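One structure below.
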Amino acid sequence: MADVRSPTLPDAQTAVEAPPSPTHVTIRREDYRPPDWLVPEIALNFTLGIESTRVQSKLQVERNPEAADKGDVIRLNGDGLKPAGVWIDGTPTDKWSMDCGDLLIELSGEAHEIGIEVEINPAANTKLMGLYASNGMLCTQCEAQGFRRITFFPDRPDVLSKYRVRMEGDAGQFPILLSNGNRIAHGDSADGRHWAEFEDPFPKPSYLFALVAGDLKANRDTFTTMSGRKVDLAVWVREADLPKTQHAMDSLKLAMAWDEKVYGREYDLDQFNIVAVGDFNMGAMENKSLNIFNSAYVLADQETATDADFDNIARVVAHEYFHNWSGDRVTCRDWFQLSLKEGFTVFRDQSFSADVGSPPVKRIEDVRVLRAVQFPEDQGPLAHPVRPDSYIEISNFYTATVYNKGAELIRMFHTVLGPEKFRAGTDLYFDRNDGKAATCDDFVAALEGGSGVDLEPFKIWYSQAGTPKVRARIEHDAEAKIATLHLEQHVDPTPGQPDKQPMPIPLRTALIGSETGHEICPERLIVLDQARQSVMFENVTEPPLLSINRNFSAPIIVEAERSPGELERLAQTDTDPFARYEAMQELMMRALVVGARGGDMDREPVVRAIGATLRSNSLDPAFKADAIMLPSESLIADRMDVVDPDAIHAAREELRSAIGSALHDELIAAHRSDSAAGDDLSPAAKGVRRLRTVALGLVGAANPSEAAGLAKAQFDRADNMTDRQGALGVLVSLDAPEREAALEAFYHRFHDDPLVLDKWFALQASAQRADTVDQVLRLAKHPDFVMTNPNRLRSVAGVFGANHWAFHSADGRGYAFLADMIIAADKLNPQVAARMVPPFGRWRRFEPKRAAMMRQQLERIAATPGLSKDVYEQVTKSLA
Ligand SMILES: [Zn+2]
Numbered sequence: 011m012a013d014v015r016s017p018t019l020p021d022a023q024t025a026v027e028a029p030p031s032p033t034h035v036t037i038r039r040e041d042y043r044p045p046d047w048l049v050p051e052i053a054l055n056f057t058l059g060i061e062s063t064r065v066q067s068k069l070q071v072e073r074n075p076e077a078a079d080k081g082d083v084i085r086l087n088g089d090g091l092k093p094a095g096v097w098i099d100g101t102p103t104d105k106w107s108m109d110c111g112d113l114l115i116e117l118s119g120e121a122h123e124i125g126i127e128v129e130i131n132p133a134a135n136t137k138l139m140g141l142y143a144s145n146g147m148l149c150t151q152c153e154a155q156g157f158r159r160i161t162f163f164p165d166r167p168d169v170l171s172k173y174r175v176r177m178e179g180d181a182g183q184f185p186i187l188l189s190n191g192n193r194i195a196h197g198d199s200a201d202g203r204h205w206a207e208f209e210d211p212f213p214k215p216s217y218l219f220a221l222v223a224g225d226l227k228a229n230r231d232t233f234t235t236m237s238g239r240k241v242d243l244a245v246w247v248r249e250a251d252l253p254k255t256q257h258a259m260d261s262l263k264l265a266m267a268w269d270e271k272v273y274g275r276e277y278d279l280d281q282f283n284i285v286a287v288g289d290f291n292m293g294a295m296e297n298k299s300l301n302i303f304n305s306a307y308v309l310a311d312q313e314t315a316t317d318a319d320f321d322n323i324a325r326v327v328a329h330e331y332f333h334n335w336s337g338d339r340v341t342c343r344d345w346f347q348l349s350l351k352e353g354f355t356v357f358r359d360q361s362f363s364a365d366v367g368s369p370p371v372k373r374i375e376d377v378r379v380l381r382a383v384q385f386p387e388d389q390g391p392l393a394h395p396v397r398p399d400s401y402i403e404i405s406n407f408y409t410a411t412v413y414n415k416g417a418e419l420i421r422m423f424h425t426v427l428g429p430e431k432f433r434a435g436t437d438l439y440f441d442r443n444d445g446k447a448a449t450c451d452d453f454v455a456a457l458e459g460g461s462g463v464d465l466e467p468f469k470i471w472y473s474q475a476g477t478p479k480v481r482a483r484i485e486h487d488a489e490a491k492i493a494t495l496h497l498e499q500h501v502d503p504t505p506g507q508p509d510k511q512p513m514p515i516p517l518r519t520a521l522i523g524s525e526t527g528h529e530i531c532p533e534r535l536i537v538l539d540q541a542r543q544s545v546m547f548e549n550v551t552e553p554p555l556l557s558i559n560r561n562f563s564a565p566i567i568v569e570a571e572r573s574p575g576e577l578e579r580l581a582q583t584d585t586d587p588f589a590r591y592e593a594m595q596e597l598m599m600r601a602l603v604v605g606a607r608g609g610d611m612d613r614e615p616v617v618r619a620i621g622a623t624l625r626s627n628s629l630d631p632a633f634k635a636d637a638i639m640l641p642s643e644s645l646i647a648d649r650m651d652v653v654d655p656d657a658i659h660a661a662r663e664e665l666r667s668a669i670g671s672a673l674h675d676e677l678i679a680a681h682r683s684d685s686a687a688g689d690d691l692s693p694a695a696k697g698v699r700r701l702r703t704v705a706l707g708l709v710g711a712a713n714p715s716e717a718a719g720l721a722k723a724q725f726d727r728a729d730n731m732t733d734r735q736g737a738l739g740v741l742v743s744l745d746a747p748e749r750e751a752a753l754e755a756f757y758h759r760f761h762d763d764p765l766v767l768d769k770w771f772a773l774q775a776s777a778q779r780a781d782t783v784d785q786v787l788r789l790a791k792h793p794d795f796v797m798t799n800p801n802r803l804r805s806v807a808g809v810f811g812a813n814h815w816a817f818h819s820a821d822g823r824g825y826a827f828l829a830d831m832i833i834a835a836d837k838l839n840p841q842v843a844a845r846m847v848p849p850f851g852r853w854r855r856f857e858p859k860r861a862a863m864m865r866q867q868l869e870r871i872a873a874t875p876g877l878s879k880d881v882y883e884q885v886t887k888s889l890a
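Take a look at the structure:
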């Protein structure tokens with residue numbers, strides 16, 4: 011599954027004793043036992059209707075020879091289901107009972123056929139888990155535990171079955187019927203109804219089951235695999251959206267070719283379908299051969315989608331496609347192993363995006379996401395290892411730690427082994443585990459087997475939570491021409507893990523000459539695996555500058571002793587683009603932290619470094635845009651002992667304004683560079699557009715009225731959504747008449763396009779203004795605000811939760827608003843509601859008044875009657 015990239019920022023912590031609830035049970039990894047019964051085959055028969063769908067299932071069950079329990083009962087998970095009939099070997103039976111929603115059936119023999127009939131109401135399914143209705147169509151979402159809302163089944167990833175699926179429904183309402191695998195038969199039945207039957211030859215867990223029925227049209231194409239097999243591809247959408255599907259199709263074909271080239275993985279069925287759905291909890295879902303997508307990750311054209319949207323579509327299409335091997339062919343033994351498929355697949359999609367775009371810029375973006383979402387997770391009450399030890403609600407563990415830090419862990423394996431040995435390891439992993447449900451240990455064992463390298467020490471990255479901090483100091487003996495790098499590592503305690511062990515940390519390191527600016531000691535890989543370690547560099551002919559954790563080779567926080575002058579020099583000379591970006595960020599961060607503490611900011615080195623970056627002829631515009639962007643307010647907050655959001659905001663605005671006025675001409679020049687055609691999606695053209703808007707934002711910090719005029723001009727003449735949204739993004743934070751005019755024009759033009767309307771809501775919820783709380787209160791009452799649609803809810807409440815200054819508004823109204831949203835959303839869609847809790851999490855780090863108000867809101871949520879286990883878990887952990 012792919013996450014949505016709405017930046018809800020986790021934060022964190024103390025406790026009300028919420029009443030223990032019998033359904034809120036903690037599940038532990040150490041309690042894993044193999045299933046008692048296996049289900050090698052299942053046949054499903056759906057009689058489809060929006061308000062009533064009948065599901066008849068036939069399960070071929072047999073005892074698992076590996077099971078410890080030889081009891082006479084099979085437990086089939088259910089959630090909100092009532093059996094209308096149960097059969098054993100074709101005979102109706104009453105030897106069943108219900109237990110916490112599950113169906114228990116008494117069985118005496120070694121193998122049986124179980125028949126079950128249930129009736130469900132897709133229209134009433136606001137959780138969007140299981141089978142649900144969206145805009146007149148029916149679709150499914152089964153990961154992690156949605157299948158148990160469709161029929162009774164051992165709903166766990168280590169029960170793999172061959173599926174045969176028959177669907178019947180009204181031919182006018184549901185002209186298209188799709189499920190996993192190949193369509194083997196279809197036909198018409200009486201009364202304008204029709205049916206189709208699908209068979210998936212690959213055994214799969216229930217979370218990969220999918221069904222779609224609706225009035226859809228396809229963008230069709232074909233792909234010929236490396237062994238010469240032709241695969242029929244289709245992207246299914248509503249007819250009006252067909253013109254917006256080409257980018258998704260192009261991305262799919264690129265991803266298929268890339269996985270053959272880089273991982274030797276070929277597609278294995280005759281058909282591959284993508285379906286876009288308007289109401290979807292996550293980004294997209296990798297159901298075998300029938301990927302179901304949030305429409306935000308399918309639909310794009312120049313008019314309505316930004317460059318970032320295009321990039322996200324390519325990324326998510328590739329991600330879900332790559333799951334065909336890393337997830338579907340080899341799946342997870344249990345949900346604690348989620349990172350086995352997600353960490354690996356995120357690493358694969360990151361590598362793909364880097365290969366088809368700009369590798370340094372992609373790396374900077376990946377690290378920005380990691381720092382914005384995962385680092386706060388690691389530092390707060392919701393901290394958990396990449397492979398968690400326990401959960402109450404598994405949906406809460408589709409986190410940046412499992413996904414993004416998990417990907418960093420795979421990247422470290424790749425760094426340590428090198429591409430050839432890594433590939434030998436993944437080949438062995440796929441060969442050994444094909445058709446099986448595997449564990450993270452199986453993955454590491456295969457990498458070791460393929461490469462011949464012992465990776466045992468690295469396994470601590472799966473089990474130990476928290477972001478390691480590495481202190482680095484370099485000592486230079488000019489006479490002996492020797493430099494010594496002193497390294498020290500430390501991990502702060504996290505919930506349940508008070509004492510931490512040293513971790514192996516791969517650090518790509520080089521030394522840059524402070525006089526010549528040349529790489530005087532070429533890059534080498536240092537693996538820091540002790541609490542303290544020193545490394546020598548020879549032939550150091552001039553005072554060295556430390557370039558460390560190049561390309562972000564480890565997901566850590568580096569605290570290096572470097573003066574502002576040294577950082578400024580590195581920002582211009584470092585031979586690693588990421589390290590150069592990093593030097594710039596650190597330079598700005600140092601000034602901002604001083605400013606936020608009420609001290610005098612040293613702006614000069616920052617202004618000089620940004621000026622040099624803007625004037626450079628050798629840097630590409632996308633890199634420039636990244637390098638001159640100031641660290642976010644929440645990142646600055648991470649550096650403060652006591653967080654004062656107003657002081658942080660003021661310091662950041664002051665520095666932005668200083669840059670905007672000192673570098674006015676350079677910024678205007680960057681804004682005016684006009685060499686990218688609106689339909690040019692090359693990395694270079696995207697970079698030009700990006701820099702145009704980032705530069706304009708800095709101008710606006712110093713001279714709001716000039717920026718408002720320029721932004722409105724950019725808005726009016728834009729022939730693409732990137733420039734249009736960029737201009738509006740600058741305007742929403744300004745007090746200028748152009749603001750209202752542009753917002754109104756945008757709404758007027760796009761109010762019928764839900765995905766673009768989401769942008770209109772999100773831009774206002776992200777505005778850096780004193781009255782943003784009032785604005786979001788108004789937005790939540792807007793007739794186009796629909797709480798049942800996850801994208802719309804996230805575009806207001808999710809985005810607002812990540813708007814540091816506004817959310818932490820001193821009067822506490824931001825807290826009250828988000829808590830109201832969580833409570834209301836929880837009644838409809840607990841999964842989406844729970845994902846809005848993290849901004850409350852780090853309340854302990856805030857100044858006392860805000861801390862008390864945040865805690866109060868958490869307690870208010872916790873005391874809400876009928877709270878879901880999703881929100882219950884997030885809130886009680888935040889208070890603990
Ligand atoms: Zn995924």
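Under the numbering used here, the first residue of the sequence shown carries the number 11, and numbering increases by one thereafter. All C-beta atoms in this analysis are idealised placements derived from N, C-alpha and C, irrespective of residue type, glycine included. Since the model is a prediction, treat every value here as computed from it, not as a measurement.
query                                                                                                       : result
When V604, G719, M650, E676 are compared against R618, the one with the closest alpha-carbon                : E676
Between the CA atoms of S216 and Q389 - distance to the nearest angstrom                                    : 35 Å
Separation of Q151 from Q183, as counted between CA atoms                                                   : 21 Å
Distance between A890 and Q23 (C-alpha atoms, nearest Å)                                                    : Note that Q23 scores a pLDDT of 28, beneath 50, so its modelled location is shaky; the value from the coordinates is reported in the next line. Straight-line Cα distance between these residues: approximately 6 Å.
Cβ pair count under 8 Å reaching 3, the region 216-234 against the region 279-296                           : yes
Outcome for I194 when other beta-carbon atoms lying within 10 angstroms are tallied against a minimum of 16 : exposed
Straight-line gap, A834 to Q841 (C-alpha atoms, nearest Å)                                                  : 13 Å
Where A393 sits in the DSSP three-state scheme                                                              : coil
Nearest-angstrom Cα separation, counted from E596 out to D165                                               : 48 Å
Buried versus exposed, by CB contacts within 10 Å (16 or more), T551                                        : exposed
Inter-residue spacing [alpha-carbon to alpha-carbon] between P20 and E129                                   : Summary for P20: the model assigns pLDDT 28, below 50, so the residue's position carries little reliability; its value from the coordinates is reported in the next sentence. If you take the alpha carbons of P20 and E129, they lie about 39 Å apart.
Residue from H394, T161, P512, K214 with nearest C-alpha to G88                                             : T161
Q70 versus E51 - alpha carbon distance                                                                      : 5 Å
Short Cβ contact (8 Å threshold) for E418 with P565                                                         : yes
beta-carbon A12 near ligand 1 non-hydrogen atom, thresh 7 Å                                                 : yes
Touching by the beta-carbon criterion (3+ pairs, under 8 Å), the region 315-322 and the region 413-433      : no
Integer Cβ distance of M797 from Y825, believed to fall under 8 Å                                           : Actually they are not in contact, since the Cβ atoms of M797 and Y825 sit about 19 Å apart, beyond 8 Å.
CA nearest to the CA of A668, picked from R702, G710, D656                                                  : G710
Local Cβ density within 10 Å of P858, reported as buried at 16 or more and exposed below that               : exposed
Nearest-angstrom beta carbon gap, D46 and K214 [assumed within contact, 8 Å]                                : The Cβ separation is near 20 Å, so there is no contact.
Beta-carbon gap between V326 and G293 smaller than 8 Å                                                      : yes
Proximity test, E676 beta-carbon vs ligand 1 heavy atom, cut-off 7 Å                                        : no
Contact test: H329 Cβ vs ligand 1 heavy atom, cutoff 7 Å                                                    : yes
Spatial distance of A755 from R230 (CA atoms)                                                               : 35 Å
Beta-carbon separation (whole angstroms), V806 vs A775, contact threshold 8 Å                               : 5 Å
Close beta carbons around P32, own chain, < 6 Å, minus the five adjacent residues each side                 : In this predicted model, P32 has a pLDDT of only 49, less than 50, meaning its place in the structure is not dependable enough to derive any value.
Distance CB(N801)-CB(A306) smaller than 8 Å                                                                 : yes
V454 in three-state terms, based on DSSP                                                                    : helix
Pair within 8 Å by beta-carbon distance, D79 and L117                                                       : no
Distance between L350 and V454 (C-alpha atoms, nearest Å)                                                   : 10 Å
H257 versus M266 - alpha carbon distance                                                                    : 14 Å
Endpoints, beta strand (DSSP E) assigned at W97                                                             : 93-98
Cβ-heavy atom distance, H333 to ligand 1, below 7 Å                                                         : yes
Neighbourhood of Y882 by C-beta, 6 Å cutoff - its chain only, sequence neighbours within 5 removed          : H34
Boundaries of the beta strand (DSSP E) in which W815 is found, first to last residue                        : Premise fails: W815 lies in the alpha helix (DSSP H), 814-817, not in any beta strand (DSSP E).
L495 - partner residues in DSSP beta bridges                                                                : I484, V545
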